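Numbered by this note's numbering, the letters in the sequence shown go through residues 173 to 526 in order.
All C-beta atoms, glycine included, are put in the ideal place defined by N, C-alpha and C.
Model, not experiment: these values are computed from the prediction.
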Amino acid sequence: MTSTKAGEDAGAGFHRGLREAVFSFLKTKSLNPIDESGLLRKAIINYTMWFTLYAAYLFVGAQYGWYALLLVLPLAFAMLCIVLSVMHDGSHGAFSNSRFINSLASYSLAFAGGSPILWRQLHVRAHHDNTNVIGHDQDFESGGLIRLHPAQAQHKAHRFQHLYAWFLYMGHSIRWIWFDDIKDYFTNRWPVSPTERKTLLTEIVLAKAWHAASYLIVPALVTGSWQLAIVFYLAHWMILSVALILVFAMAHLTHVQEMPASTAEGKQDWALHQLATTVDFATENRLLSWIVGGLNFQIEHHIFPKISHTRYKLIQPVVKEYCAKHGVRYFEYPTFASVLGGHYRHLKTLGQPA
Numbered sequence: 173m174t175s176t177k178a179g180e181d182a183g184a185g186f187h188r189g190l191r192e193a194v195f196s197f198l199k200t201k202s203l204n205p206i207d208e209s210g211l212l213r214k215a216i217i218n219y220t221m222w223f224t225l226y227a228a229y230l231f232v233g234a235q236y237g238w239y240a241l242l243l244v245l246p247l248a249f250a251m252l253c254i255v256l257s258v259m260h261d262g263s264h265g266a267f268s269n270s271r272f273i274n275s276l277a278s279y280s281l282a283f284a285g286g287s288p289i290l291w292r293q294l295h296v297r298a299h300h301d302n303t304n305v306i307g308h309d310q311d312f313e314s315g316g317l318i319r320l321h322p323a324q325a326q327h328k329a330h331r332f333q334h335l336y337a338w339f340l341y342m343g344h345s346i347r348w349i350w351f352d353d354i355k356d357y358f359t360n361r362w363p364v365s366p367t368e369r370k371t372l373l374t375e376i377v378l379a380k381a382w383h384a385a386s387y388l389i390v391p392a393l394v395t396g397s398w399q400l401a402i403v404f405y406l407a408h409w410m411i412l413s414v415a416l417i418l419v420f421a422m423a424h425l426t427h428v429q430e431m432p433a434s435t436a437e438g439k440q441d442w443a444l445h446q447l448a449t450t451v452d453f454a455t456e457n458r459l460l461s462w463i464v465g466g467l468n469f470q471i472e473h474h475i476f477p478k479i480s481h482t483r484y485k486l487i488q489p490v491v492k493e494y495c496a497k498h499g500v501r502y503f504e505y506p507t508f509a510s511v512l513g514g515h516y517r518h519l520k521t522l523g524q525p526a
């Protein structure tokens, strides 16, 4: 892991100065912060890949039965690419200069069975506005089964969380799709206007209906086997769940990031807060960057969420240089294995008795 050590005080204008440096760099290179054509190409590739693999799943399932399980990993991979490379940029307004196209891209989450409206509340606002702040960043919620933040209550079972957490990660997406969205709607967890609430209900109903039809009903009818459809469904979403959880966990939970116990404790210059609570990892791995939608460049994403992920590699040297110049730490794990080890140590450390 490499890092630029923190200075005592980078100044209240750190974020403003960093923005000026990054946007000046992009202007010098004649690059639009929004890489619309590049992201559109990725969207076409990813959706073509998904529909091709989905058709192959139905065909193989109908003709060769359980051999269709060989397509679990490829289809999960295709959906992962759609969620991280299309939906994620769209939800941040970084897919296109058009608000309508950004909204359309963000609805890729409904294609996966989730609610784009609730995602914007949970991720774009709660997580990005209060990164790693307990009680505000909802990504720490685990029902007490896993201790991810020092301010969370500790239980005896947590001593083994570095061993069992990986299995719990498998159920995240299924719980999110079938329980969390519905619970959040009926408990009105994220207050929205009456008009948006009607839209939200329609969105949830249609997204869940599509999800059930595409992953369970249609495969069962085409292949003639409910057992195959259910096993395929569970395996697919367990794999996808682990991948999605790890992208978040490795960026924010490796025991080197700060963990504010309140918004007051975490309140400082916007960019400084993001640098203190986020790390980059495996930034030289171009294949990984393509798959996860540039989210191995989490520092750049958190400071510049409205810049397309295909620009992160280009602006990273500017961010690192600016941090070094102002004595601000910049954490970066060199490989996927090293950051995965960091998350393992985080789980193990927080699980031990104080």
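Reference residue i; option with closest CA among the options
{"i": "L388", "options": "G396, V258, A401, R483", "result": "A401"}
{"i": "A240", "options": "P363, K199, L230", "result": "L230"}
{"i": "K214", "options": "S202, I254, F249", "result": "I254"}
{"i": "N360", "options": "F453, K520, Q293, A433", "result": "Q293"}
{"i": "W382", "options": "R369, R191, A284", "result": "A284"}
{"i": "Q446", "options": "R501, I289, A384", "result": "R501"}
{"i": "F453", "options": "V364, N269, A509", "result": "A509"}
{"i": "D309", "options": "T455, I273, V296, Q235", "result": "V296"}
{"i": "S461", "options": "M431, T507, P432", "result": "T507"}
{"i": "G523", "options": "L393, V511, E430, I318", "result": "I318"}
{"i": "L245", "options": "S263, N274, Q235, M221", "result": "M221"}
{"i": "E368", "options": "Q326, W350, L290", "result": "L290"}
{"i": "E430", "options": "F503, Q333, L243", "result": "F503"}
Distance CB(residue i)-CB(residue j) smaller than 8 Å
{"i": "L211", "j": "F267", "result": "yes"}
{"i": "T303", "j": "T426", "result": "no"}
{"i": "L247", "j": "Y226", "result": "yes"}
{"i": "D233", "j": "T395", "result": "Position check: residue 233 holds Gly in this sequence, whereas Asp was assumed. In contact: G233 and T395 (Cβ atoms closer than 8 Å)."}
{"i": "S169", "j": "M259", "result": "Since the displayed the chain opens at 173 and closes at 526, residue 169 lies outside it and no answer follows."}
{"i": "V194", "j": "F476", "result": "yes"}
{"i": "L281", "j": "I463", "result": "no"}
{"i": "G465", "j": "D261", "result": "yes"}
{"i": "I417", "j": "P205", "result": "no"}
{"i": "M422", "j": "H515", "result": "yes"}
{"i": "A323", "j": "I306", "result": "yes"}
Residues near residue i by beta carbon distance below 8 Å, same chain, minus five either side
{"i": "R271", "result": "G265"}
{"i": "L203", "result": "R483, L486"}
{"i": "W442", "result": "H187, I475"}
6 Å CB neighbourhood of residue i in its chain, flanking five on each side removed
{"i": "K328", "result": "none"}
{"i": "H518", "result": "L425, T426, H427"}
Own chain partners of residue i with C-beta closer than 7 Å, once the 5 adjacent residues on each side are dropped
{"i": "I354", "result": "I376"}
{"i": "D356", "result": "L290, W362"}
On the three-pair Cβ rule with 8 Å, is the region 468 to 478 touching the region 486 to 501?
yes
TODO: List in chain order: all unbroken beta strand (DSSP E) runs of 3+ residues lying wholly within the region 193 to 232.
DONE: none
Problem set entry | alpha helix (DSSP H) runs contained entirely in the region 486 to 523, provided each spans 4 or more residues | 508 to 523
Using 8 Å as the Cβ pair cut-off and three pairs as the minimum, do the region 370 to 390 and the region 200 to 211 touch? no
task = For the region 406 to 425 and the region 328 to 344, state whether three or more C-beta atom pairs, one from each stretch, are separated by less than 8 Å.
result = yes
| message | To test your reading of the DSSP string, which unbroken alpha helix (DSSP H) runs of 4 or more residues are found completely within the region 246 to 334? | response | Entirely contained in the region 246 to 334, the alpha helix (DSSP H) runs reaching 4 residues are, in chain order, 260 to 263, 271 to 278, 280 to 284, 288 to 291.
Meets three-Cβ-pair contact criterion under 8 Å: the region 402 to 409 and the region 332 to 339:
no
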